[in-house]
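**Q**
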Amino acid sequence: MSSPHRTGGRPVRERGGVEWSTVAMLPACPPTVAPRRETDCERERGRISGGSCCIVKPQAPQPHLANSNPCIGSFGSPSLSLHLAYPLPSPLLHRQTATNSGTRKLTALHHQPTQDQQEPEREMNADFGAPKDLAGGLQQRRSLYQPTLPPCLQGATVKVEYGDATTTIDPTCANVVAQAFPRTYGQPLVSFVAPPPDAVDKDRAPIRVGVVFSGRQSPGGHNVIWGLHDALKAYNPHSVLYGFVGGTEGLFANKTIEITDDVLASYKNQGGFDLLGRSIDQIRSTKQVNAAMTTCNNLNLDGLVIIGGVTSNSDAAQLAEALVQNNCKTKVVGVPVSLNGDLKNQFVETTVGFDTVCKVNSQLVSNVCLDAISAGKYYYFVRLMGRKASHVAFECALQSHPNMLILAEEVALSKLTLMEVINKICDGVQARAELGKFHGVLLIPEGLIESIPEMYALLQEINILHNNNVPVAEMPSQLSPWAAALFQFLPPFIRRELLLHQESDNSAQLSQIDTEQLLAHLVEAEMIKRTKEGRYKGRKFSSVCHFFGYQARGSVPSNFDCDYAYALGRISLHMIAAGLTGYMATVANLKDPVDKWRCAAAPLTAMMSVKRHLRGPGAIPIGKPAIHPSPIDLKGKAYELLREKASSFLLDDFYRTPGGIQYEGPGCNAKPITLTIENQDYMGDIEILKDCLSKVRTMVKPGCSREVLKAAISSMLSVTDVLTVMSHPLNAELPLYHFN
Numbered sequence: 001m002s003s004p005h006r007t008g009g010r011p012v013r014e015r016g017g018v019e020w021s022t023v024a025m026l027p028a029c030p031p032t033v034a035p036r037r038e039t040d041c042e043r044e045r046g047r048i049s050g051g052s053c054c055i056v057k058p059q060a061p062q063p064h065l066a067n068s069n070p071c072i073g074s075f076g077s078p079s080l081s082l083h084l085a086y087p088l089p090s091p092l093l094h095r096q097t098a099t100n101s102g103t104r105k106l107t108a109l110h111h112q113p114t115q116d117q118q119e120p121e122r123e124m125n126a127d128f129g130a131p132k133d134l135a136g137g138l139q140q141r142r143s144l145y146q147p148t149l150p151p152c153l154q155g156a157t158v159k160v161e162y163g164d165a166t167t168t169i170d171p172t173c174a175n176v177v178a179q180a181f182p183r184t185y186g187q188p189l190v191s192f193v194a195p196p197p198d199a200v201d202k203d204r205a206p207i208r209v210g211v212v213f214s215g216r217q218s219p220g221g222h223n224v225i226w227g228l229h230d231a232l233k234a235y236n237p238h239s240v241l242y243g244f245v246g247g248t249e250g251l252f253a254n255k256t257i258e259i260t261d262d263v264l265a266s267y268k269n270q271g272g273f274d275l276l277g278r279s280i281d282q283i284r285s286t287k288q289v290n291a292a293m294t295t296c297n298n299l300n301l302d303g304l305v306i307i308g309g310v311t312s313n314s315d316a317a318q319l320a321e322a323l324v325q326n327n328c329k330t331k332v333v334g335v336p337v338s339l340n341g342d343l344k345n346q347f348v349e350t351t352v353g354f355d356t357v358c359k360v361n362s363q364l365v366s367n368v369c370l371d372a373i374s375a376g377k378y379y380y381f382v383r384l385m386g387r388k389a390s391h392v393a394f395e396c397a398l399q400s401h402p403n404m405l406i407l408a409e410e411v412a413l414s415k416l417t418l419m420e421v422i423n424k425i426c427d428g429v430q431a432r433a434e435l436g437k438f439h440g441v442l443l444i445p446e447g448l449i450e451s452i453p454e455m456y457a458l459l460q461e462i463n464i465l466h467n468n469n470v471p472v473a474e475m476p477s478q479l480s481p482w483a484a485a486l487f488q489f490l491p492p493f494i495r496r497e498l499l500l501h502q503e504s505d506n507s508a509q510l511s512q513i514d515t516e517q518l519l520a521h522l523v524e525a526e527m528i529k530r531t532k533e534g535r536y537k538g539r540k541f542s543s544v545c546h547f548f549g550y551q552a553r554g555s556v557p558s559n560f561d562c563d564y565a566y567a568l569g570r571i572s573l574h575m576i577a578a579g580l581t582g583y584m585a586t587v588a589n590l591k592d593p594v595d596k597w598r599c600a601a602a603p604l605t606a607m608m609s610v611k612r613h614l615r616g617p618g619a620i621p622i623g624k625p626a627i628h629p630s631p632i633d634l635k636g637k638a639y640e641l642l643r644e645k646a647s648s649f650l651l652d653d654f655y656r657t658p659g660g661i662q663y664e665g666p667g668c669n670a671k672p673i674t675l676t677i678e679n680q681d682y683m684g685d686i687e688i689l690k691d692c693l694s695k696v697r698t699m700v701k702p703g704c705s706r707e708v709l710k711a712a713i714s715s716m717l718s719v720t721d722v723l724t725v726m727s728h729p730l731n732a733e734l735p736l737y738h739f740n
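If you read the sequence shown in UniProt numbering, its first letter stands for residue 1, the second for the next number, and so on.
(1) Measuring CB to CB, does residue 333 end up less than 8 Å from residue 575?
(2) In three-state DSSP terms, what is residue 228?
(3) Note the first and the last residue of the continuous beta strand (DSSP E) segment covering residue 603.
(4) Are residue 236 and residue 557 close, meaning C-beta to C-beta below 8 Å?
(5) Quick one: complete beta strand (DSSP E) runs, 3+ long, within the stretch 475-550?
(6) Closest by CA to residue 418, which one among 388, 456 and 403?
(7) Per DSSP, residue 440 forms a beta bridge with which residues?
(8) Around the C-beta of residue 713, are 16 or more other C-beta atoms found within 10 angstroms, so that it is buried, or is it exposed?
(9) Using three-state DSSP, classify residue 674 as helix, strand or coil.
(10) Here's the rule: buried if 16 or more other CB atoms are within 10 angstroms of the residue's CB, otherwise exposed. What is residue 238?
(11) Pull the bridge partners of residue 243 from the DSSP assignment, please.
(12) So, at 7 Å on beta carbons, what are the nonlocal neighbours of residue 372 in its own chain, with the 5 sequence-adjacent residues on each side left out?
(13) Could you pull the start and end residues of the alpha helix (DSSP H) that residue 427 belongs to?
(14) Flag this pair as yes or no: are the beta carbons of residue 604 and residue 587 separated by less than 8 Å?
(15) Kindly confirm or deny that the stretch 511-529 and the stretch 408-416 touch, where touching means at least three C-beta pairs closer than 8 Å.
(16) Does residue 722 pass the burial test, meaning 16 or more other C-beta atoms within 10 Å, or should it be called exposed?
(17) Could you name the residues that DSSP lists as bridge partners for residue 584?
(18) Does DSSP classify residue 608 as helix, strand or coil?
(19) Of all the options 468, 548 and 537, which has the alpha carbon lying nearest to the alpha carbon of residue 384?
(20) Let me make sure I understand the geometry here. Which of 206, 252, 513 and 288 has the alpha-carbon closest to that of residue 447?
(21) In terms of DSSP beta bridges, what is residue 159 paired with?
(22) What would DSSP say about residue 353, mapped onto helix, strand or coil?
(23) Taking all protein chains shown into account, decide if residue 482 is buried (16 or more other Cβ within 10 angstroms of its Cβ) or exposed.
(24) Quick check: the Cα distance between residue 500 and residue 541, rounded to an integer number of angstroms?
(25) Sort 496, 537 and 623 by Cα distance to residue 432 and report the nearest one.
(26) Quick check: what's the CA-CA separation for residue 131 versus residue 263?
(27) What is the residue span of the beta strand (DSSP E) that residue 307 lies within?
(28) Which residues does DSSP pair with residue 755 in a beta bridge?
(29) Within its chain, find whatever has a CB closer than 6 Å to the CB of residue 508; leave out the 5 residues flanking it on each side and keep chain order.
(30) Exposed or buried, residue 697, counting other C-beta atoms within 10 Å across all chains shown (16 or more means buried)?
(31) Measuring only the C-alpha atoms, how far is residue 525 from residue 533?
(32) Could you pull the DSSP bridge partners for residue 188 from this structure?
(33) With DSSP as the reference, label residue 319 as helix, strand or coil.
(34) Thinking C-beta only, is residue 356 closer than 8 Å to residue 214?
(35) Am I right that residue 173 and residue 523 are in contact with their C-beta atoms under 8 Å? What's the rounded C-beta distance?
(36) Of the choices 601, 464 and 196, whose alpha-carbon is the least far from that of residue 578?
Below you can see the structure in the form of structure tokens.
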């Protein structure tokens, strides 16, 4: 039997023919409890009942499968899986908590839903919104940090400047988006600047605003609420801010707390989303949209701020369109908060939380690198967050310099098969062995498995079976012949994980699929094969697997994320005061100091596109318009830098130790490398274009010479020809980069 893999840095032992993980052996936990694997949302809400921990019952080793495919190996039993579950108290309906300055009221203002709006009551954490003691010195000191603001946001009001009407990020989808959003499509880009010194301060009516967490927790989310609250009170002290308890489910059920200074005091600059909590992260169905609209009407809200990532802001656009259609006065605005960093486009340079998550994970990766070179005998396979894009793994690689990085974007573009990926890893292992190095560190994103063509097709078939309510036990027999063959060749633990119930957005539970262990198994099998064939003469291959997924989500945010989130919160208030709906708060020029940041609001429809199922000219857009995750730009400067350093990273052990997040002193204002390398000041470029066009209008007026007129016409025709070609569907479908 091959040498056991390690998981979490501790070896797997064999007991009676069964592999047991020694990550956490808790004697109080009965080893025979075998619950189903919980979903991501269930784990976070602690809705799995029955004790403080559950251990999945180990299974006896499976017999080796007949293998007719030399590219696919055979595997034994899986390792023990450990899950913790904490039962929550009963749902919170009404609560009063005494504070030093009075009484804070937590209310549940239920509307009376119609029969088709009735939904089962879900448990809410009774501690959401409760003031908490900051036990640690770091927490206490961070609560005193005052975020820095751009000049335009330092007053109670701003000057609103309206630009030109917008189109979509993909011009070939403009008509489809316009038809889906007839009332909010084509809105202008809006900029916020400091009001003139002589501006008259007019009386401003109080505003009622609601805020909801609608995405996975990300460091800095609390500061968005803090910035929104401060801007609201500066606008008019009698304004009211409601926080919806329990995420979107709290929005549907109208469960709120009033956000006050006392409530915010212990959440400023703190990690997590525990001020309000989150739940199913969607406002999508007609019933959900109607429930949200009813809540907005019952609370008489002037604005609703939705904090989240790609999916949440797509839902925000849909809700904004519906509210306008039904003459609801509530303005809906989105805020880009996502640890994955995949909400990137011409308006959004990065998301709140990405910097913190990458810094925390980079420290962990660098620690693993030093451990690898110290022992000199293990390869560490590290999986990082990143469902649809590899931004976290990419940034962590630039910060910590591991030996190998596999980007999902490269694999998808080159259509690499699973075994082609394995062979590339083995080639790297063999190259290092020739230099006498038998250790290394490999980073992968959690979405890598979906970028491998045959694995993606398999997941799609399983997804269809889930949608058709086929029992999990019957799914293997319902697969197509080729998918069934691939499924049977995979290790048993991967088979079980592929069949897990879907996430709330109907996607696979990628965080629960141990892709790093799959790669480690296959690499070991391939290295054994190469040894038998005489192609590899080094030491026996050994691996250690890690998944750094949830460890960083509740981290204390970096200075950059604190400042960025606080600014976005204040921008959100000015958007609502300006009557904007279907917009996202944005800040440009983030790589520069805060006093040079550009504050703006961009229509959500301008960020939308429609997925194509066909590649090539004439592809027909199908599906609904949405904001899609932005992949890594394989033509960008950051990727070019990585490719230049790839050979050195692979062979030279050029490990870098970034250390922990610095909050004071040198390094406290460090920003993501991918942000500082790229030139992403889209708003600045728009201003440059406007200035150039203005100069053309000034120089080319009636009465100018014929030579000047001809030169202008010739230049303009050339420019329009180039732009027409760049906007052609054929070019929109061309690959960005050919993987080498």
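The beta-carbon is built from N, C-alpha and C at its ideal position, and this holds for glycine as well.
All values derive from a computational prediction rather than experimental measurement.
**A** Once the coordinates are examined:
(1) If you number the sequence shown from 1, residue 333 lands on position 333. If you number the sequence shown from 1, residue 575 lands on position 575. The answer is yes: Cβ separation under 8 Å.
(2) The residue you call residue 228 lines up with position 228 of the sequence shown. The answer is helix: DSSP assigns residue 228 an H, G or I state.
(3) As a first step, residue 603 must be located in the sequence shown, where it is residue number 603. 598-603 is the span of the beta strand (DSSP E), which, as asked, contains residue 603.
(4) Position 236 of the sequence shown holds residue 236. Position 557 of the sequence shown holds residue 557. No, the pair does not count as a contact, with Cβ atoms beyond the cut-off.
(5) 543-548
(6) Taking the sequence shown and counting its residues from 1, one reaches residue 418 at position 418. Of 388, 456 and 403, the residue nearest in Cα terms is 456.
(7) Numbered from its first residue, the sequence shown carries residue 440 at position 440. According to DSSP, residue 440 bridges with 379.
(8) As a position in the sequence shown, residue 713 is number 713, starting the count at 1. Residue 713 is exposed by the Cβ-count criterion.
(9) Here residue 674 is taken as the residue at index 674 of the sequence shown, counted from 1. Three-state result, residue 674: helix.
(10) Mapped onto the sequence shown, residue 238 falls at position 238. Classification of residue 238: exposed, given that the 10 Å Cβ count is below 16.
(11) Along the sequence shown, read from residue 1 onward, the residue named residue 243 stands at position 243. DSSP output for residue 243 lists 211 and 257 as bridge partner(s).
(12) Within the sequence shown, numbered from 1, the residue matching residue 372 stands at position 372. Once the five neighbours on either side are set aside, the close Cβ partners of residue 372 are 378, 380, 439, 440 and 441.
(13) Position 427 of the sequence shown holds residue 427. Where residue 427 is concerned, the enclosing alpha helix (DSSP H) stretches over 418-433.
(14) Residue 604 sits at position 604 when you count from the first residue of the sequence shown. Residue 587 sits at position 587 when you count from the first residue of the sequence shown. Against a cut-off of 8 Å, the Cβ pair of residue 587 and residue 604 comes out as no contact.
(15) no
(16) Mapped onto the sequence shown, residue 722 falls at position 722. Residue 722 should be labelled exposed.
(17) Numbered from its first residue, the sequence shown carries residue 584 at position 584. The partner list for residue 584 (beta bridge, DSSP) reads 334 and 602.
(18) On the sequence shown, position 608 is the one that residue 608 refers to. Of the three classes helix, strand and coil, the one that applies to residue 608 here is coil, per DSSP.
(19) Counted from its first residue, the sequence shown places residue 384 at position 384. The shortest Cα separation from residue 384 among 468, 548 and 537 belongs to 548.
(20) Residue 447 sits at position 447 when you count from the first residue of the sequence shown. Nearest C-alpha to residue 447: 513.
(21) By one-based count along the sequence shown, residue 159 stands at place 159. Looking at the DSSP assignment, residue 159 forms a beta bridge with 193.
(22) For this step, residue 353 is matched to residue 353 along the sequence shown. Coil.
(23) As a position in the sequence shown, residue 482 is number 482, starting the count at 1. With fewer than 16 other Cβ atoms within 10 Å, it is exposed.
(24) The residue given as residue 500 occupies position 500 in the sequence shown. The residue given as residue 541 occupies position 541 in the sequence shown. Taking the straight line joining both Cα atoms gives about 31 Å.
(25) By one-based count along the sequence shown, residue 432 stands at place 432. Nearest of 496, 537 and 623 to residue 432, Cα basis: 537.
(26) On the sequence shown, residue 131 is found 131 positions in, with the first residue counted as 1. On the sequence shown, residue 263 is found 263 positions in, with the first residue counted as 1. Going by the C-alpha atoms only, they are around 6 Å apart.
(27) As a position in the sequence shown, residue 307 is number 307, starting the count at 1. Its beta strand (DSSP E) spans residues 303-308.
(28) Past the boundaries of the shown model lies residue 755; the chain is included only from 1 to 740, so the question cannot be answered.
(29) On the sequence shown, position 508 is the one that residue 508 refers to. The residues are 459.
(30) To locate residue 697, count along the sequence shown from 1; it is residue 697. Per the 10 Å Cβ criterion, exposed.
(31) Taking the sequence shown and counting its residues from 1, the one referred to as residue 525 is at position 525. Taking the sequence shown and counting its residues from 1, the one referred to as residue 533 is at position 533. Taking the straight line joining both Cα atoms gives about 12 Å.
(32) Reading the sequence shown from its first residue, position 188 is the one you call residue 188. For residue 188, which the question treats as bridged, DSSP gives the partners 165.
(33) Counting from 1 along the sequence shown, the entry for residue 319 is found at position 319. Looking at residue 319 - three-state DSSP - the assignment turns out to be helix.
(34) Locating residue 214 in the sequence shown gives position 214, counting from the first residue. Locating residue 356 in the sequence shown gives position 356, counting from the first residue. Cβ atoms of residue 214 and residue 356: not closer than 8 Å.
(35) As a first step, residue 173 must be located in the sequence shown, where it is residue number 173. As a first step, residue 523 must be located in the sequence shown, where it is residue number 523. With 8 Å as the limit, residue 173 and residue 523 do not qualify as a contact, their Cβ atoms being about 40 Å apart.
(36) Position 578 of the sequence shown, counted from the first residue, corresponds to residue 578. The candidate whose alpha carbon is nearest that of residue 578 is 601.
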